[in-house]
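Going line by line, the protein sequences match chains U and E. My numbering puts the first residue of the first sequence at 30, with every later residue one more than the last. My numbering puts the first residue of the second sequence at 16, with every later residue one more than the last. Every residue gets a Cβ at the ideal spot worked out from N, C-alpha and C, and that includes glycine. Structure first, then comments.
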Amino acid sequence: GIQVEQSPPDLILQEGANSTLRCNFSDSVNNLQWFHQNPWGQLINLFYIPSGTKQNGRLSATTVATERYSLLYISSSQTTDSGVYFCAVERYTGNQFYFGTGTSLTVIP
Amino acid sequence: DTGVSQDPRHKITKRGQNVTFRCDPISEHNRLYWYRQTLGQGPEFLTYFQNEAQLEKSRLLSDRFSAERPKGSFSTLEIQRTEQGDSAMYLCASSPLAGTGLYEQYFGPGTRLTVT
Numbered sequence: 030g031i032q033v034e035q036s037p038p039d040l041i042l043q044e045g046a047n048s049t050l051r052c053n054f055s056d057s058v059n060n061l062q063w064f065h066q067n068p069w070g071q072l073i074n075l076f077y078i079p080s081g082t083k084q085n086g087r088l089s090a091t092t093v094a095t096e097r098y099s100l101l102y103i104s105s106s107q108t109t110d111s112g113v114y115f116c117a118v119e120r121y122t123g124n125q126f127y128f129g130t131g132t133s134l135t136v137i138p
Numbered sequence: 016d017t018g019v020s021q022d023p024r025h026k027i028t029k030r031g032q033n034v035t036f037r038c039d040p041i042s043e044h045n046r047l048y049w050y051r052q053t054l055g056q057g058p059e060f061l062t063y064f065q066n067e068a069q070l071e072k073s074r075l076l077s078d079r080f081s082a083e084r085p086k087g088s089f090s091t092l093e094i095q096r097t098e099q100g101d102s103a104m105y106l107c108a109s110s111p112l113a114g115t116g117l118y119e120q121y122f123g124p125g126t127r128l129t130v131t
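Shown next as structure tokens:
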């Protein structure tokens, strides 16, 4: 399988601060998604981003597939951003996703 | 479109009992996945269906685990003779029709299993 490493493992931010989460993967992939897991365990889709850059409000993501990494940017963080952020990659289209171990984000008011 | 649904949301069972979980994917999604997530870890793949065909199974899926998707719509995951190590969150995901060029996976709320 593919190894997916996320950093940092834990992050504590003051409300309003910006942050960058990183995802490294060990082999070429066809697909990559970023998820936010809320305290109730629901995985919420943030970005489907096998390559390039996307933005959605205060969040943006960049994947450089040739260098095997992806970045998730959170700007002007809010307490509702707290939770665990997962990167997941798919080696062959339509097959299983391999997840990283996540970045646990806590935003304090 | 109400998203992926799972039932039950929580299940507490005694060791040795059998349990069955259900997943209803987003309508028109023909691919369905099962994952297992333990505390502090990311989800781990268990098995995958395209329509009613089970195309891939993880080594994590021991003989006590079986999954079905009889009509290519909802799916069930059964665990026989549960063990304490089976305690985890069981997640279901679906993704759109093969050949559409759309591959994003959408997850349900999960079933949290506790084996006592």
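- In this structure, DSSP gives Asp101/E a helical state, which the three-state scheme calls helix.
- Residue-level contact check: Thr130/U touches chain E, since one or more beta carbons of chain E fall below 7 Å from its beta carbon.
- The beta-carbon of Glu119/E is placed less than 7 Å from the nearest beta-carbon of chain U.
- Within chain U, the residues whose beta carbon sits less than 8 Å from that of Phe60/E are Gln125, Phe126 and Tyr127, listed in sequence order.
- Beyond the five residues adjoining it in sequence on each side, Thr108/U comes within less than 7 Å, by CB distance, of Glu44, Val136 and Pro138 in the same chain, given in chain order.
- By the neighbour-count criterion, in which 16 or more other beta carbons inside 10 Å mark a residue as buried, Pro58/E falls on the buried side.
- Nearest to Gln120/E by C-alpha distance, out of Asp110/U, Phe128/U, Val113/U and Asn67/U, is Phe128/U.
- The alpha-carbon of Thr91/U is positioned some 20 Å away from that of Tyr121/U.
- Looking at the backbone, the Cα of Ser20/E and that of Tyr77/U are separated by about 21 Å.
- Distance between Phe64/E and Ser88/E, taken at the CA atoms: about 10 Å.
- Trp69, Gly70, Gln71, Leu72, Ile73, Asn74, Tyr77 and Pro79: these are the residues of the region 68–93 of chain U whose beta carbon lies less than 9 Å from some beta carbon of chain E, given in chain order.
- Close CB contacts of Thr53/E within its chain, under the 6 Å cut and outside five residues either way in sequence, are with Ala103 (chain order).
- Cβ contact annotation for Val33/U (same chain, cutoff 7 Å, sequence separation greater than five): Cys52, Phe54, Cys116, Val118, Tyr127, Phe128 and Gly129, in chain order.
- Burial state of Thr131/E is exposed, judged by a 10 Å Cβ sphere holding fewer than 16 other Cβ atoms.
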